[in-house]
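For what it's worth, our numbering labels the leading residue of the sequence shown as 16, then goes sequentially. Note that beta-carbon positions come from the ideal geometry of N, C-alpha and C, so glycine has one too.
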Amino acid sequence: MATYIMTGGASGIGAATRQLLTDQGDKVVTLDIRNADILADLSDESAREAAIAKVRHDFPSVDGLITSAGVASHFPEPDKILTINYFGTRALVEGLVDTIKPGGRIIAISSNSAPMCHNESLVTALLDNDLNRARELAKTSNGHECYAGSKQAVARWMRRIAPDYARRGISFNAIAPGYIETPMTEAVAKSEAYGSAIQEFVASIPIGRAGQPNDVAQLIRFLLSPEAAFIAGSLIYCDGAHDAMMRAEGLF
Numbered sequence: 016m017a018t019y020i021m022t023g024g025a026s027g028i029g030a031a032t033r034q035l036l037t038d039q040g041d042k043v044v045t046l047d048i049r050n051a052d053i054l055a056d057l058s059d060e061s062a063r064e065a066a067i068a069k070v071r072h073d074f075p076s077v078d079g080l081i082t083s084a085g086v087a088s089h090f091p092e093p094d095k096i097l098t099i100n101y102f103g104t105r106a107l108v109e110g111l112v113d114t115i116k117p118g119g120r121i122i123a124i125s126s127n128s129a130p131m132c133h134n135e136s137l138v139t140a141l142l143d144n145d146l147n148r149a150r151e152l153a154k155t156s157n158g159h160e161c162y163a164g165s166k167q168a169v170a171r172w173m174r175r176i177a178p179d180y181a182r183r184g185i186s187f188n189a190i191a192p193g194y195i196e197t198p199m200t201e202a203v204a205k206s207e208a209y210g211s212a213i214q215e216f217v218a219s220i221p222i223g224r225a226g227q228p229n230d231v232a233q234l235i236r237f238l239l240s241p242e243a244a245f246i247a248g249s250l251i252y253c254d255g256a257h258d259a260m261m262r263a264e265g266l267f
């Protein structure tokens with residue numbers, strides 16, 4: 016039986032992943048703002064640090080970390096999109112990496128929206144771990160730009176540090192889901208600002224349907240398995256060929 020720490024296990028991809036792993040006999044310890052083993056608001060630095068300290072005390076040796084917690088472009092506070100999606104992910108990974116056993120795994124959730132942010136100043140502030148600068152830039156950025164920027168930063172940060180983690184015996188990868196039907200994306204689809212765009216976006220998915228949480232959960236399970244031992248430092252799209260359609264020549 017493996018033990019995994021996972022953020023965002025209350026619904027959507029996180030809930031599907033938790034169910035899939037527990038069904039096969041693994042232990043999944045969840046961190047989330049509600050319905051979790053450890054309650055924590057990942058937008059709050061002190062709450063994050065308290066949660067990290069509790070995990071380190073209660074689970075000093077684990078098999079992996081999955082960072083699934085996140086908010087979408089419709090979230091009313093753009094700066095918190097950055098704080099939860101990027102700074103929360105980074106803090107948890109950095110705070111818990113030395114609890115992960117050799118041969119363990121880290122999986123972060125990025126997005127196929129990641130390439131859609133062209134605000135390099137915003138992404139640079141995130142990669143520099145400059146919270147104050149990122150918050151200032153969020154004031155003049157819309158929700159989609161902050162969402163895509165946060166997910167781009169997650170993927171680029173993963174690529175930067177994955178080789179070092181691999182040398183330590185830990186595989187770090189990121190998944191870029193496309194449109195997945197979850198409570199979060201349902202809220203975006205119903206919003207006045209993004210509703211019509213979401214309908215067009217879903218209709219254009221080449222595979223002919225929206226993704227389901229279990230589509231991503233199955234990929235997470237594979238990346239945690241022994242069969243995925245040589246996969247490290249990769250951003251893996253799980254989006255029904257949507258990114259390939261939109262960026263046929265893009266490799267990242």
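Exercise. Roughly how many whole angstroms lie between the Cα atoms of Val86 and Thr37?
Worked result: 25 Å
Problem set entry | Residue from Asn157, Phe237, Met260, Gln167 with nearest C-alpha to Tyr209 | Asn157
For this session: Report the option in Ile67, Phe237, Gly40, Arg171 whose CA atom is closest to the CA atom of Val112.
Result: Ile67
Problem set entry | Run of the alpha helix (DSSP H) containing Pro115, from where it starts to where it stops | Before going on, a small fix: residue 115 reads as Ile here, not Pro. Segment 115-124 is the beta strand (DSSP E) holding Ile115; no alpha helix (DSSP H) there.
For this session: Can you tell me which of the three DSSP states Thr45 falls into?
Result: strand
For this session: Could you pull out every residue in the same chain whose Cβ sits closer than 7 Å to the Cβ of Ala140, ignoring the five residues on either side in sequence?
Result: Arg148, Ala149, Leu152
Problem set entry | Minimum C-alpha distance to Phe237 - residue among Gln39, Ala163, Thr22, Gly255 | Gln39
For this session: Counting only the same chain and skipping the five closest in sequence on each side, list residues whose C-beta sits under 8 Å from that of Leu142.
Result: Ala168, Arg171, Trp172, Arg175
Problem set entry | Spatially closest choice to Ala62 from Ala17, Ala256, Thr98, by CA coordinates | Thr98
Problem set entry | The alpha helix (DSSP H) enclosing Val231, as first and last residue numbers | 228-239
For this session: May I ask you to report which of helix, strand or coil DSSP gives Met260?
Result: helix
Exercise. Cys271 by DSSP, collapsed to three states: which one?
Worked result: In the structure displayed, the chain extends from 16 to 267; residue 271 sits before or after that span and is not available.
For this session: Pick helix, strand or coil for Ile67, following the three-state DSSP scheme.
Result: helix
Problem set entry | Per DSSP, the bridge partner or partners of Tyr19 | Val43, Gly79
Problem set entry | CA-to-CA distance, Ser211 to Gly118, given in whole angstroms | 45 Å
Exercise. Considering Asn188, what are the terminal residues of the beta strand (DSSP E) in which it resides?
Worked result: 186-192
Exercise. Between His159, Ala232, Arg183, Leu234, which lies nearest to Ser206 when the distance is taken from Cα to Cα?
Worked result: His159
For this session: Measure the alpha-carbon distance for Ala218 versus Glu60 and round it to whole angstroms.
Result: 39 Å
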